[in-house]
Amino acid sequence: MAKPSDEQQRALTGLLGLGNHSARKSHYPELAARLDELETERNRYKWLFENAVHGIFQASLLEGMRAANPALARMLGYQDPQEVLFSLTDLAGTLFVGGAQELESIGEILQRERSLLGYETQLRRKDGSVLDVLMNLLLKPDQEGLVEGFVADITERKQAQERLQQLNDELEQRVTARTNELLDANRNLQQQITQRKQIAEALRDARDAAEAANRSKDKYIAAA
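Just so you know, the sequence shown maps onto residues 100 to 323 in this note's numbering.
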């Protein structure tokens, strides 16, 4: 790391409340180490930003997108992250399927709650196709109106859920149809049983009547 210039040293000394050369000299190693730590941390976050699997962006509630990582660009069908730095108007008209009304609703929630987690929505890709995503949005407390967003593509998961729901619906329809068939068969069986009982009773009554008639005939002949 390059050694700060005298002007930078004087500025840093003033911020630290140091007023002489010896003080600057004694505190310089500590200050340089702290600056190295900050640079290392900055590089780490930069690496995470550029190599993350999910989309990451910064946006202003008043102006639109300010920064986006390569993963978000690829997710939306663009090669260069600069291509997805949409203005507020383009966010409403091009990116968000829900348009200006959805953006207004998101802004109101962020202003009130300071965050919006697990938000599922649809974004429009460069080719016009629609992408299902899950967003976690955070309104930065130290910078008014600045939002940090994390975006995950859940299109395949949504399609799998829809397919599973479709299969469940089809299964329920088949079960309902089969149940109705069994109910109809049971009703037909009950009707057949009832009819057979009625026929059996009719035959029994006819037999009893015939036997009674024969007995009457025999008595008549015997009496004659």
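Backbone N, C-alpha and C fix where the C-beta goes; we use that ideal spot for every residue, glycine too.
For E201, the enclosing alpha helix (DSSP H) begins and ends at 198-212.
Within its own chain, the residues whose Cβ lies closer than 7 Å to the Cβ of L245, once the five positions on either side in sequence are excluded, are Q157, S159, K239, listed in chain order. Exposure of L161 is indicated by the presence of fewer than 16 other C-beta atoms within 10 angstroms of its C-beta. By a beta-carbon distance limit of 8 Å, L266 does not contact L236. Their separation comes to about 34 Å. Under a 10 Å Cβ-count criterion, D231 is classified as buried, with 16 or more other Cβ atoms of the shown protein chains found around its own Cβ. When DSSP assignments are scanned along the region 232-302, the uninterrupted stretches of beta strand (DSSP E) that are 3 or more residues long and fall wholly within it turn out to be 245-252. Non-local C-beta neighbours of E247 in its own chain, meaning closer than 7 Å and more than five positions away in sequence, comprise Q157, L237, K239, ordered along the chain. Burial is judged here by how many other beta carbons sit within 10 angstroms of a residue's own beta carbon; D252 has at least 16 and is buried. DSSP, reduced to helix, strand and coil, places Y218 within a strand of the structure shown. L190 carries a helical assignment under DSSP once its states are collapsed to helix, strand and coil. Counting C-beta pairs with one atom in each stretch, the region 188-200 and the region 211-225 have three or more that are closer than 8 Å, which means they touch. Taking C-beta atoms under 8 Å as the contact rule, L190 and K225 fail to qualify, at a distance of about 14 Å.
Close CB contacts of L202 within its chain, under the 7 Å cut and outside five residues either way in sequence, are with L190, A191, F195 (chain order). Counting only the Cα atoms, G163 lies some 4 Å from S186.
I155 counts as buried, since no fewer than 16 other beta carbons sit within 10 angstroms of its beta carbon.
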